[in-house]
Amino acid sequence: MLSVIAEVTGSLGAVGYGLAAIGPGIGIGIIFGNGVQAIARQPEAYGVIRQNMFIGFALAEALALLGFVAPFVFK
Amino acid sequence: MANPSSVVAGEFDCHLYGNCGFPAPGTEIFQFNEIVHFSVFGIDFSIAKPTILLLLVSLIIIVFFSIAFLKPKLVPSKVQSIGEVSYVFVRDQISRETIGKAGDRFVPFLFALFFFVFLNNFMGIVPGAQFPATSLFVYPLVLALIVWVTYMFIGMKHQGPLKFFTNMMFPPGVPAGVLGILAPIEFLSNIIVRPFTLAVRLMANMFAGHLLLTVFIVASIYLFSPSVIGILGSAASGLMTVIMTGFEFMIEALQAYIFTLLTASYIAGSLSHEH
């Protein structure tokens, strides 16, 4: 039988949220960065670009929020 | 704890340099004592603060937009102007940008959804109410289920009951080898993940915002003690509460917008099967 090799104690929820926020952080940065660039290049397409920007933002952000909720669920 | 909601109302005698640590608020601030309890046909109903806020928001929406729209005049009154501007906002900024002209018949649905979510979120920073009902998972879940039923029904009606699923799972122009992986992923993401993330996104945002505000205001009360560090820390935390309240307002409006926007994009996906 495998005994415990390594163990972490403490506020694992906070650590988990920190890990979960890395990816969406990068993703949201890329989305808004490219969105602003697209608007600057083509201001007349502002409506469509903003629309897709927010859809992408919402999808990326959902992952971070799942990381935020998970510690409360799996206590 | 006998009355969890009274703990965060500043009634704890726990301050800096006292013998107790920082009383960090947790999930107990989302639990309320029931005010009225009754049962109809064996189903138990318990009315607590979130339910009352929800009913209040519904009442506000019904009364306000009845005044705005029931007797429209050519020269609009103030209330009618506000109603029209908000309707045009939902139609032009959300519906037409996503669905196009074909989406005009879904605007009443999107409009109701937007204002219901927005006002429920907004209750989180209204003094006296100060609780967003959407931070409890059931309310966004029911809204997401309504959205789910809507876009499934529209999809089956416009593309045919079976065609809807095959169009969704087997998009044209995809190599046959990829389809083995793509089809189940598409099915899962459209049928199960979509309503789930729609509900979780709204709930988690409001949950986090409410918790954040509570942490800062509890810290402000906790730090308040006769010492330089205490006064400075308390003032800084109190100021932070005010700033975060402003930030919350932005998040609340944005989340209502995103909720409606995603609903509109799901409906658009059901109407046409190109993507």
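So the protein sequences, as listed, match chains X and P.
So the mapping is simple: my numbering equals the position in the first sequence, first residue as 1, plus 60.
So the mapping is simple: my numbering equals the position in the second sequence, first residue as 1, plus 966.
For glycine and all other residues, C-beta sits at the position ideal for the given N, C-alpha and C.
Keep in mind the model is a prediction, meaning the values are calculated, not measured.
Residue 1114(P) and residue 1161(P) have their alpha carbons spaced roughly 6 Å apart. DSSP places residue 1056(P) in the helix class (H, G or I) of the three-state scheme. For residue 1159(P), the three-state secondary structure derived from DSSP is helix. For residue 1200(P), no pairing in a beta bridge is given by DSSP.
For residue 1003(P), the uninterrupted beta strand (DSSP E) segment begins and ends at 1002-1006. For residue 1036(P), there are no CB contacts under 6 Å within the same chain when 5 residues up- and downstream are skipped. Only residues of its own chain outside the window of five on either side were considered, and among them 1229, 1232, 1233, 1235, 1236 have a CB closer than 8 Å to the CB of residue 1117(P), listed in chain order. Annotation: residue 1091(P) is outside any beta strand (DSSP E) and is labelled neither H nor E by DSSP. Distance from the CA atom of residue 132(X) to the CA atom of residue 1006(P), rounded to whole angstroms, is 33 Å. Counting only the Cα atoms, residue 1219(P) lies some 17 Å from residue 1166(P). Residue 1105(P) and residue 1099(P) have their C-alpha atoms some 7 Å from each other. Judged by beta-carbon spacing, residue 1091(P) lies within the 7 Å limit of residue 1211(P), meaning their Cβ atoms are closer than that value. Between residue 129(X) and chain P, the shortest Cβ-Cβ separation is below 7 Å. Residue 113(X) and residue 119(X) have their C-alpha atoms roughly 10 Å apart.
Distance from the CA of residue 1055(P) to the CA of residue 987(P), rounded to the nearest whole angstrom, comes to 49 Å. Between residue 1083(P) and residue 1222(P), the C-beta gap is smaller than 7 Å, which places the two residues in contact. In the DSSP annotation of this structure, the continuous segment of the beta strand (DSSP E) that includes residue 1009(P) starts and ends at 1009-1013.
Residue burial is scored here from C-beta neighbours: residue 1141(P) has fewer than 16 other C-beta atoms within 10 angstroms and is therefore classed as exposed.
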